[in-house]
Amino acid sequence: MDPAEALEFSRYGARLRVAQPELVARTLAALNQAVTWSEDDVGVVSEAADAVALAAALRRLRQRVLLTTLLRDLTGRADLAEVCATTTRLAEVAIDAAVNFHHRRLALAHGEPTGADSGTPQHLIVVGMGKLGGSELNVSSDVDLVFI
């Protein structure tokens, strides 16, 4: 399938083509490569200064990753394993960024949580269950999380 035709099969892709033609052009130019996870993308997301900046960085990352994934999938450039791995990685990056952001904010407001017996710093652990835990997310999957 032609990439331009593939965009028409997705309302999401068609909306991005109108709203962000530069993103679509960059994506089309690199369509023969799987999604890359640059330190710039992950760094910007993980170092957001406030909740608005975090939401914007996550939105930009999601748009780039989902557009690339849907076009690679619809044009036969990506197999199911790549789609699942890419979608799973996006969820992991987003969850990690959100947990770390809120940990920093809460630690500033209330102090670093420490173990009652050990005195060592305690961090929230997030366990991905189901398809996330099995690295099998697809673009319509939900995530099942356990917070410890």
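Following numbering that gives the first Met the number 0, the numbering of the sequence shown begins with 0 at its first residue and continues without gaps. Glycine included, every Cβ here is placed at the ideal spot set by N, Cα and C.
Taking 9 angstroms as the cut-off, decide whether the C-beta atoms of Asp141 and Gly127 are in contact.
no
What did DSSP end up calling Phe100 once you bin it into helix, strand or coil?
helix
Which residues bound the beta strand (DSSP E) around Gly127?
125-128
Going by the DSSP bridge assignment, what does Ala146 pair with across the sheet?
Inspection of the sequence shows that residue 146 is occupied by Phe rather than by Ala. In the DSSP output, where bridge partners are listed per residue, Phe146 has Val125.
If Arg100 sits next to Val125, beta carbons under 8 angstroms apart, how far is it from one beta carbon to the other, in whole angstroms?
It should be noted that the sequence gives Phe, not Arg, for residue 100. The pair is not a contact, with the Cβ atoms about 13 angstroms apart (cut-off 8 angstroms).
Exposure of Ala50, with buried meaning 16 or more beta-carbon neighbours within 10 Å
exposed
Could you check if Arg104 is buried or exposed, using at least 16 other CB atoms within 10 Å of its CB as the buried criterion?
exposed
Once DSSP output is grouped into helix, strand and coil, what is the label at Thr113?
In this structure, Thr113 counts as strand in the three-state DSSP scheme.
Would Ala3 be called buried (16 or more neighbouring beta carbons within 10 Å of its own) or exposed?
Residue environment: Ala3 is assigned as exposed (fewer than 16 neighbouring CB atoms within 10 Å of its CB, all protein chains considered).
Ends of the alpha helix (DSSP H) at Glu4?
2-7
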